[in-house]
Structures are given as structure tokens and as C-alpha cells.
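These notes are about the structure you will find just below.
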Amino acid sequence: MAFASVAEPAATYQSLFNLYLIFAIIAGTITIGSLILFPILYRRKGTDEEPRTEKKQRGNLKVIGLVIVLMIATLSTTAYASFTVKDFYLRHPDCKTAICVEVEGFQWAWNFTYPNGKNVVGLLRVPQDTPVVLNVTSRDVFHSFAIQGLRIKTDAILGRHNVIWFSAPGSCSSFGKSGFCEYRIQCFELCGLGHAFMTGRLIVMDPTSFSNYYNSSGP
Amino acid sequence: MVKTWLKRWLYTTDHKDVGILYFVTSFYFAFLAALLALFMRTQLAIPNNKFLAAAEYNQAVTMHGLLMVFWFLSPLGIAFANYFIPPQIGAKDLAFPRLNALSYWLYAFGGLVAFIGFFSPGGAANAGWTNYSPLTSIQFSPNAGETLAAAGLIIVSASVTVGTINILTTILFHRAPGMTFMKMPMFTWFIFFTMLQMLWAFPSLLAGLIMLESDRILGTLFFTSVAGGSILWDNVFWFFGHPEVYVVLLPAIGAVMEIFQVFTNRTLYAKKIAVAAGFAIVTISFMIYGHHMFLTGINVTEQEVFTINTEAVSVPFGALMVIFIATMYRSAVKLATPMLFALGSLAIFVVGGLTGVFNSSLALDIAQRGTFFVVGHFHYVMVGASLFGLFGATYYWWPKMTGKMLSESLGKLHFIVSIIGFNLIFFPMFFLMDMPRRIVTYTADTGWGPLNLIASIGSYIFIFGHLIFLSNLVRSYSRGPPAGPNPWHGTTLEWTSWKGGGPSPMGVGASSIGRPILSSLSADPHNVKSSHGSIGPEIAHQHWSSRPIQLSLGLSIALAGLGFGFPIFVLGLVLLTWALVGWASDDLHDKFMVPDEPPGDRWPFQTTTKLKLGMWAFISSEFTFFGVLLGSYAFVRYNFSYWPPPGSIHNIPVAGVNTIILLTSGLTMLLAVQSIKTGAIKHVRTLLGSTLALGVVFMIIKGSEWYDLLTGSPPFTPQTGLPGSTFFVITGIHGAHVIAGLVALVYLLVRTRNGWTPGKRATVEHFGLYWAFVDMVWVFVFPLLYLV
């Protein structure tokens, strides 16, 4: 359970991605390398030779067998790692310890409703290092809600509620206009004319600023 | 002269001519789709660009995808299949020449119906090629474009079903003596796999499209309700959609295998494993579509199964890759243009396949879904692997199709420019993992600008590469050096094709695994410079029929009428009826005769007829079709809170009696089939007449049942709720099948009016299969819709 110990989705995601990447680079280098090397190594010398044919099937099947075994081993590893990471994504805290926000997509914005009934469009403010649970649905067409910077996403579908969660650190590489860490919220499924502009902002605040905001009436 | 020329191309049913029609038409649609892609890349080159408005961009993104997948890549593979499968297996033509022309014209007109949306008010379809509901509903997409695109897709599904049955039957039934399965060339094998996938995947799309059109036109609630909606569409669409990826890819892989064998001068390494891998891909491809739905909230165990299955499909592809590399080992590789494209196709496929493994992960998909990473991935598979392979096929087979050689230096230039252009477009997309697909523009602060600019520059280079290709084709066609009968020293039978079409008798059955070797070809006086060039109008003339184009035009106009209004629909129906009557009358007067080929290697179908084989193929595709419809019914019923209890809406006794009537008609039909074997034609006609009468009674009772429901109080209509929507659509489609059967029965009665012939016996027998199938469907529909 190497991945579950990391408390933050983005880092967990990245370690899984890197695992896949390492295998992909190895496999890709070998195959593309041979596809480039073999034609050079075994290029036809001299003029045309007579087409050759064999009465029996060519090939030593041990090579294919070996490759298949290697592939199955690799793919089992990656699949198992993926299941572990998905578990981490699915194990969301309950609303006693986390802030639960209702998210509703509509053409073309996101509506956020906090537990105290506070309702904001396009802007999600959360306290840092606190688990936030989002219950995502749609009012009209198929949308997909994502905070890509935190590596979380789920589809927003009429009549269905999909739950995702995250816990955002208060420090990040670049701060937004608000002076806090900011992430882009965006729709990832074509939903009509305004699809490209169906964006929002996630602002990660320190706990006191957040509680001031949470108890105020302004957006 | 012009008239003869025109007649030849409009009325031809010759597989080579139809192949060339497919070839030219697919590149025409590619040109349209490529223009749309250029518009999109121009729009995305810089942030905040205003070259396209959102409405235009969404239409471009949708039609680009639809045209490229359905009207370019797949049909280009079919073009080569049409042209080269009969000679490769030693057949004179496809099994059903007129159906071949029919499938071409349906394909061509279907594309026009979808494309004409651009000129209708509100523009073309704009919900993406995946047509995710409920964006496609009349509420969110009121424009005719969406209706027209769906109509075009319905027409193309019909084309695919007809074409698939034809090519499958050809491969199973028209192999020359000695052409056993294991001697079949790899291209034929991979087209065979493609056909199996198309046969069972497209009916799912067709069922989905019929439900979609019925939502849009009749107001049913399949995809607008919460119980059906997005998830129902996702299931129905992707059950088709994922096999479709391999449908696009496998013809290219088959062509690459042919090219590999010729240009390495070796037989394929481990051919049996390659065939087994093909079967594995076909089987697994139907079990992995759920990886398109990881984030919709489906059950996590399902997600895990789909992850495992998806990763599993990369194993046979890995085996194929080993086979390709091992074939080159210690061979004599000649880097001519076809081989360059084949190698390019494989190298690109490696990148596409490996990034696909990323997408197969239920966890990695969380960030990748809907991003340019996915766009990059599937363009590497579909554009890269498939298109480069098919370009290789073009360079490889063009000399046989035209009798002229293409320029090698222009070909190599085309390869270099397009491989650079291609990678410039799509490799940067793997680094655009935060950028959503299908957005019309983005702001500068996202930082996506530079990579997008590189991709856009790449797209211009890529297009320039294809201008080189086009000029090469034109130059070769007008003044290319003549090609010998076998310029590449190919070893498959199409290179022996001789005057009059079909392969030369020599070479057929020569024994060496998968590579019937030809002795010195140049010594054969029958060889002409190209098989196609030798078909004069006088030979082609027997192959003419005006009915396929009329029938296709009628069906296409009728379905375009769904978008353009009732008068157009009626006009189409009139034309369609006229074409059908004409087709039937041609048959009654034996106007179109295809000479039977001498029996060849028909294992394991020695004892059956090709019509029966075709009918079985059709019925197997209908299994998927009704399976998806009834599955959709089960899905919405399971998800819908209220369903009227049995007997509260429907009059079960009446429906029960009606069921008995239909089953009795099945019995009379069975007796008719039994009697025709003995030649008791009078008896047969009485039984066919009774079947017809029982069928008509069934439809009359059904009609009165519908009338009572629609006018009852409260009325039970397709619009009032999902029980109504599912009932009317499913019984309606079944009723349409019954009506088609009744029309066929009238034809059989006319056909059998003067005496018995073996041909009539076969026709009655095959119709008996169809009628039994229609009855059997009702045996499922009746309990599901009425009794539970």
C-alpha cells in the first residue's frame, strides 16, 4: 500500500503515473528501437533476390511466449497499483470530519452549495489541509467536473451523484490574485456552446480567513 | 462514350470498380474532414483566438470525427478489401455483387446526408462524434444537423451490415480449391476479423441511433429521462465504439503484414500466433468498452474488470509486435515507400498503444479523461497506425489498381514530411494533460499556448505532406511509368490476376504456408499490366445494375426527410419502393445473373449455400440489434421508479392470441420449407399464403392494440413515459421486421407462381430462417413487455 500513505491525490496520482511511464519507456524504447534498427541491420544487399518461402511455419515460439509472460507480469503490477490508487480516491471521509459541498453543473457554470446553505456560482473556497467532499451532479446535460491541478475529476450527470474528495495544501508554487493558492476548475465534457468557458476557481484559504468567509453573506 | 463511362461507374457491381469508388470517395471525405481539422488547429494555435466561433468549432470537431471514422478510415480499408480480397482468395468477385454496390452507395449518400447539415439552419451536428446525450436531445440541439448526422449514421450502419455480410460470405464460401484457412493471406485474415467486429458492433450503434431519432422526432424519453439518459447512451454507444477502434485499425495491420512479407522477403514469423492474436483481439474488444465510462460513477468492480480486460487486449497486440520484429530478424529488408509507411505505422502504433495502457487504468483515467492526452492517444492509434498503414497499402497496391508506378522519391518525401508533421501535431498533446478536449479557445495564463502552436504548425506540415501524396497520385495516373504485373515480387494471388479479372489459375493451391508462391510471372502470357485496366465496358456490362444506386438514394432521401420534413420523407419512400419493386422484378426475370463459381475450399460450410450463410450472418447481427434494444429496455426499467404492473395497460389475452397467431405463421412457414424440399409447389404456395394471411392478421391486431392504447383514457403514448417509449419503439421495430417479411412473402408467392426450380427452393428456405427469427424475437418481446 505504498500509495495510500501519501495523503494528497495529486502526489498519489503522480507516483502511479510514473510507474506506468517507466514501463512504457522501457517497452517503447525496445520496440521502436528494433523497428528502426532491424531495417538498417538487415537491409537488402545486392539487387533483387528471389522471394523465399518455407515449407514449415517460421519461428521459435519461445520468444513470443516470453514476451507474453513479461507483459502479463507488467500489466498485473500496473493494474494492481491502479486498484490501490482508486481505493484511495474512493475512500472519502464522511461529513463529520470533512466539509461536504454540493456541486451542480449547468450550461455553463458550476454551482456550489455549502452545508450551511451558502450558495456560490463559479467560485469554491475551502480551508487548507482539510478534507473536502464534493457531491457532483448536473442540472441539464453531461458535464465533467475537474480540478485538474489536484488530479481529481468526475462526471456530472443528470440524476446521478458522484462523490470525490481532496485535501489541498496551503502552499503551492504560484499564488493567485486572491493571495491564496488557486486552482482552475473546468468542465471536461463537451456540453454545448459555452463548454470552453465553463470554468471556475478553487481558492485554498487559511482556516481563519475561511471561517470569516464561510459565516459572511458575500460570495 | 461519356454515357457509357457514367453508366459504368453508377451501375457497376464489379468488385474492382466498387473498390475504386470506395477509394476515391473515402479520400473525398478525408479532404473535407482534414479541412475541418485545419480550421480547428488554426483556431487553437494561439490563446483567445477568434478565427472560429464556438458554434462553428463544435460543428467542426463533431463532423471531423464522424467523417474521419465512418467515411474515411474504415471505408479506405474496405476499398482495398473490395478490390483485393476476391483475387487474394481466388474468387472472381464478391459473393453478392449487387449488395456490394448497394453498400457503397449507402455509404456515399449517408456521408452526404450527414454533411449537408452544414447547410441547414443551425448548422451541422455539434455534440461531438460520441453524441453524448442528453446534449443531442431536441431540447439542447434543436437544429436539423443532429437529426441529419444520426440519419447519416443509420444509413452507414445499413451499408456496413450489407457490406460485412457480403465480405464474410465471400471469405467463407468463395475460396479457391486449396485455399484453406491457414493459407489465406494475412490481409484477408485481418479483414475477416474486422468484418466480425463490424457485424456485431454496428447493430448496437444502429439501435442507439434509432432510439435517439425516436427521441428527437417522436418525443420518446430514452435519452432525456434520468432512468435512461447519459448512462444508457454511454453503454449503447461504447459497446459499438470501442470495437470500432479496432475496426479502423485491423485492415491497416493486415496490409502492413502483407507489405512486411514482401519487403523483407520472408514469410511471416509465427503466422498461427498472428491469427490467434486476431481472434483474441476480436473477442476481447467486445469486453472493454467500459473504460470510456470510468468517471460516470459505475460500480468499482465493473471498473476493475474493464481495466483488466483493457490491459489484456494489449497482450495480443504485443504478440503481433514481436511477430513483426521477428519477421525482420535476419531478413532482407528493402526500404521502399510501402515498407517505410508500414514501419512508420508500427512505430506510431507503439506510442498509441502504450499511451492506451495509461488510459486503461481506472485511476490514471481520473486525470486523463477528456483531455488532450486522450486526443493524442487515439490519434496515434487511429490516424497514425491506421492511416500510415493504409498509405502503405496505397503505395503497395496502386500499381495493381492502375498499372502505373508511383514515384519512389515523392513517396519517400511524403513519408518524411508526414511523419514529422504527424508527430509535431500529436506528441505535444501528451504534455497538454490539463487542457480539456473540444474547447474552442483558452486563455493565455493556462500556459497551453506554445504546445498548441507547435501542434498547429505540425498540422500545416502534415497537410503539405498529403499534397505531395496527391501530386504523386495524379502524376502517376497521367504519366507514371508502367508497372509490371508484379512490381514488388508479391507472393499473394492478387499479383497473378489476369485479363478478365480473377487470379490466374496457376498458383492457386500452391502449397507453402500462407504464401502461395508464383513461378516466373513474366512468362505467363495471360498477365496484363494491371487487372483493372483490362476490364473493358463490354465485360463490365454484365455486371451493371441500376437498382443499388436507386435503392440507396431512396433510403437516403427518406432518412434525410427526418431532418427536412415529411414531404421529403415521402418522396424518399416512393423512390425506395420503386427501387425495391424494380430489384424484385429484375430477379423475377433473371435480368442480373452471376455465374456460379466452381466450388472451392468451403470448409466447414461444404453442405450449405452462400445465401444461407449470408442469412445466418444477417441474423447474428440482428441478435446484437435486438439484444441492445431489449437490454436498453431492461436498463431503463431497472432504473425507473414506477412501472405499471402487468395487465394494467396491455390487454394480455388479446396479445396472447396474437402471439399464438404469429407462432402459427411460423409453423406454416416451417411446413412450407419442408414441402418445397419435396417439390410440392402447390402445397408450398398454399402454406406461404397462410403465412402471409396470419402475418397480416397479426399486424391488424397489433394496429388495433396500438390504436386503443393511443386513444385510451388516459392515453398510453410514446411521449407519456418510459413504459410507453420502450413499448412502442420495440414493438414498432418488431412490427417493421414483420412487414418486411410480409413484403418478402408477396415476392415469394409471385416467384413460385410457375413451377419449381432449385433456386426457388433456396429462396424459400432462407426466408424461412428469417421468419423463424422474427417469431423468436417475439417470443422474447411478449413476456418482457406484457407479462412481467
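Keeping their order, the protein sequence lines are chains A and B. Under my numbering, the residues of the first sequence are numbered 14 to 232, in order. Under my numbering, the residues of the second sequence are numbered 156 to 943, in order. The beta carbon of each residue, even a glycine, is placed where N, CA and C say it ideally should be.
*Cβ neighbours of Gly688 of chain B in the same chain (closer than 8 Å, five flanking residues each side left out)*: Caution is warranted here: a pLDDT of 38 is assigned to Gly688 of chain B, below 50, making its placement in the model unreliable, and the coordinate value is therefore given only provisionally. Only Thr557 and Gly558 meet the Cβ criterion.
*Proximal residues to Leu897 of chain B (C-beta, below 7 Å), its chain only, five neighbours per side dropped*: Leu847, Gly850 and Val851
*State the start and end residues of the unbroken beta strand (DSSP E) segment that holds Ala447 of chain B.*
For clarity, residue 447 of chain B is His in the given sequence; the question names Ala instead. Looking at the DSSP string, His447 of chain B is not in any beta strand (DSSP E), and its letter there is neither H nor E.
*Where Lys489 of chain B falls: helix, strand or coil (DSSP)*: coil
*Contact set between the stretch 444–461 of chain B and chain A, restricted to residues whose Cβ is under 8 Å from the partner*: Leu450, Thr451, Gly452, Val455, Gln458 and Glu459
*Beta carbon proximity, Pro10 of chain A to chain B, threshold 8 Å*: Residue 10 of chain A is absent from the structure shown; chain A starts at 14 and stops at 232.
*Identify the continuous beta strand (DSSP E) that holds His156 of chain A and give its terminal residues.*
His156 to Ile160
*Could I get the ranges of all uninterrupted beta strand (DSSP E) runs contained in the stretch 144–222 of chain A, with 3 residues as the minimum, in chain order?*
144–151, 156–160, 165–169, 175–180, 194–200 and 212–218
*Can you name, in chain order, every residue of its own chain whose Cβ lies under 7 Å from the Cβ of Tyr33 of chain A, other than the five neighbours on each side?*
Thr91
*In three-state terms, what does DSSP make of Lys559 of chain B?*
strand
*Hey, quick one: how far does the alpha helix (DSSP H) through Thr454 of chain B stretch, first residue to last?*
At residue 454 of chain B the sequence reads Asn, which differs from the Thr that was named. Element bounds for Asn454 of chain B: n/a, residue is neither H nor E.
*What do you get for Ile855 of chain B, buried or exposed, if any count of 16 or more other CB atoms within 10 angstroms of its CB means buried?*
exposed
*Using a C-beta cutoff of 8 Å, does Val595 of chain B count as contacting chain A?*
yes
*Thr249 of chain B to Leu308 of chain B span [Cα, whole Å]*: The amino acid occupying residue 249 of chain B in the given sequence is Leu; Thr does not appear at that position. Those two C-alpha atoms are separated by around 24 Å.
*Taking the alpha helix (DSSP H) that Glu1 of chain A falls in, what are its first and last residues?*
Outside the displayed range of chain A (14 to 232) lies residue 1 of chain A, so it cannot be described from this structure.
*Could you round the C-beta distance between Gln1009 of chain B and Leu648 of chain B to whole angstroms and report it? I think they count as a contact, below 8 Å.*
Since the first residue shown for chain B is 156 and the last is 943, residue 1009 of chain B is missing from the structure and cannot be characterised.
*Closer than 8 Å to chain B by CB, Thr167 of chain A*: Interface residue, yes.
*Determine, using beta carbons only, whether Val98 of chain A comes closer than 8 Å to chain B.*
Closer than 8 Å: yes.
*asked:* Can you confirm whether Asn175 of chain A, when its beta carbon is compared against all beta carbons of chain B, has any partner nearer than 8 Å?
replied: yes
*Roughly how many angstroms lie between the CA atoms of Gly499 of chain B and Ala540 of chain B, to the nearest whole one?*
8 Å
_Using 8 Å as the threshold, is the C-beta distance between Val176 of chain A and Val146 of chain A below it?_
Yes, these two residues count as a Cβ contact at 8 Å.
*asked:* On the criterion of 16 or more Cβ atoms from any shown chain inside 10 Å, does Val934 of chain B qualify as buried, or is it exposed?
replied: exposed
*asked:* Is Pro106 of chain A close to chain B? Criterion is C-beta to C-beta, closer than 8 Å.
replied: no
*Any beta-carbon of chain B closer than 8 Å to the one on Ala181 of chain A?*
Under the Cβ distance rule, Ala181 of chain A does not count among the residues neighbouring chain B, no pair being separated by less than 8 Å.
*Among the residues of its own chain, which have a CB less than 6 Å from the CB of Met442 of chain B, if the five just before and after it don't count?*
Asn464
*Take the Cβ of Gln294 of chain B as the centre, count every other Cβ of all protein chains shown within 10 Å, and call the residue buried at 16 or more, exposed below.*
exposed
*asked:* Does the CB of Val217 of chain A have a neighbour CB from chain B at under 8 Å?
replied: no
*Listing by chain order, which chain A residues have their CB less than 7 Å from the CB of Val506 of chain B?*
Gly41
*Short check: CB of Gly620 of chain B to CB of Gly566 of chain B, under 8 Å?*
no
_Between the alpha carbons of Val315 of chain B and Ala306 of chain B, how many angstroms are there, rounded?_
14 Å
*State the CB to CB distance for the pair Trp699 of chain B and Lys555 of chain B, rounded to an integer number of angstroms; the pair is presumed to be in contact (CB under 8 Å).*
Not really, about 23 Å apart at Cβ, beyond 8 Å.
*Step through the CB atoms of chain A and report whether any lies within less than 8 Å of the CB of Asp589 of chain B.*
yes
_Tell me the DSSP secondary structure of Tyr212 of chain B in three-state form._
Tyr212 of chain B falls in the helix class under three-state DSSP.
*Where does Ile521 of chain B land, buried or exposed, given buried means 16+ other C-beta within 10 angstroms?*
By the neighbour-count rule (16 or more Cβ atoms within 10 Å), Ile521 of chain B is buried.
*Please go through the same chain and pick out, in chain order, the residues whose beta-carbon is closer than 6 Å to the beta-carbon of Ala739 of chain B, but skip the five residues on each side of it.*
Tyr902
*At a Cβ threshold of 8 Å, is Ser224 of chain A touching chain B?*
no
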